[in-house]
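In the working numbering, the protein residues as written are 7 to 197.
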């Protein structure tokens, strides 16, 4: 597992890096945070530090957009610290002083949460695409009903037959109908 540690090189940071290395992780350490030096990683372990938060946050958001799980390292719990953890989008938290017990569990759970989140995002995108396609097809059917004076069932079959004869998706046929209708509508309004 590739792990990026964004933590000051203090006793806790060194203990964290040593333990991750002993667990077989490939560890990259950077402090303070810099986007230019980052290699792809599976997990980023990030010190929650109010003084460096503005520098760390864009780096962490960039990592997350690439599918990196984030674990926050905190030295105390208070509303301000918890707010920083939430802003980072951490899927797990490690408390200071660093303890070795639970580190592997935290890494694996964080990765599992990231994987589940990515799968859900893909599913949502797929469903949103399906809804957009259905709306487009419904609009094209309504245009056919209006222009051809046919029933909804007949309009659907016209659309489907056109897609099958051209060997393209119904979505593509619907898009063509919508585009042609828009062009004709625009031309008729200018006349």
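Positions of the beta carbon are idealized from the N, C-alpha and C atoms, including for glycine. These numbers were taken from a predicted model, which means no experiment stands behind them.
Short Cβ contact (8 Å threshold) for residue i with residue j
i, j, result
"residue 165", "residue 179", "yes"
"residue 147", "residue 158", "yes"
"residue 52", "residue 33", "no"
"residue 18", "residue 102", "yes"
"residue 23", "residue 75", "no"
"residue 151", "residue 183", "no"
"residue 63", "residue 94", "yes"
"residue 77", "residue 116", "yes"
"residue 21", "residue 104", "yes"
Whole-number beta carbon distance between residue j and residue i, since they are thought to touch under 8 Å
i, j, result
"residue 142", "residue 181", "6 Å"
Among the options, nearest to residue i - alpha-carbon criterion
i, options, result
"residue 36", "18, 53, 12 and 27", "12"
"residue 40", "59, 24, 25 and 187", "59"
"residue 8", "114, 63 and 85", "114"
"residue 97", "82, 107 and 124", "124"
"residue 29", "106, 83, 186 and 171", "106"
"residue 46", "38, 55, 56 and 70", "70"
Proximity test, residue i beta-carbon vs the ligand MG heavy atom, cut-off 7 Å
i, result
"residue 75", "The ligand MG is not among the ligands present in this structure, which contains no ligands whatsoever."
Residue i - partner residues in DSSP beta bridges
i, result
"residue 10", "34 and 50"
TODO: Please go through the stretch 154–195 and give each complete alpha helix (DSSP H) segment of 4 or more residues, from N-terminal end onward.
DONE: Whole alpha helix (DSSP H) segments, 4+ residues: 158–172.
- [ ] For the stretch 97–161, list the alpha helix (DSSP H) runs that are entirely contained and at least 4 residues long, ordered along the chain.
- [x] Those alpha helix (DSSP H) runs which fall completely within the stretch 97–161 and span 4+ residues are 109–154.
Task: Length-filtered (4 minimum) alpha helix (DSSP H) runs lying within the stretch 42–90 - done: Taking only runs of at least 4 residues, the alpha helix (DSSP H) segments lying wholly in the stretch 42–90 are 59–71.
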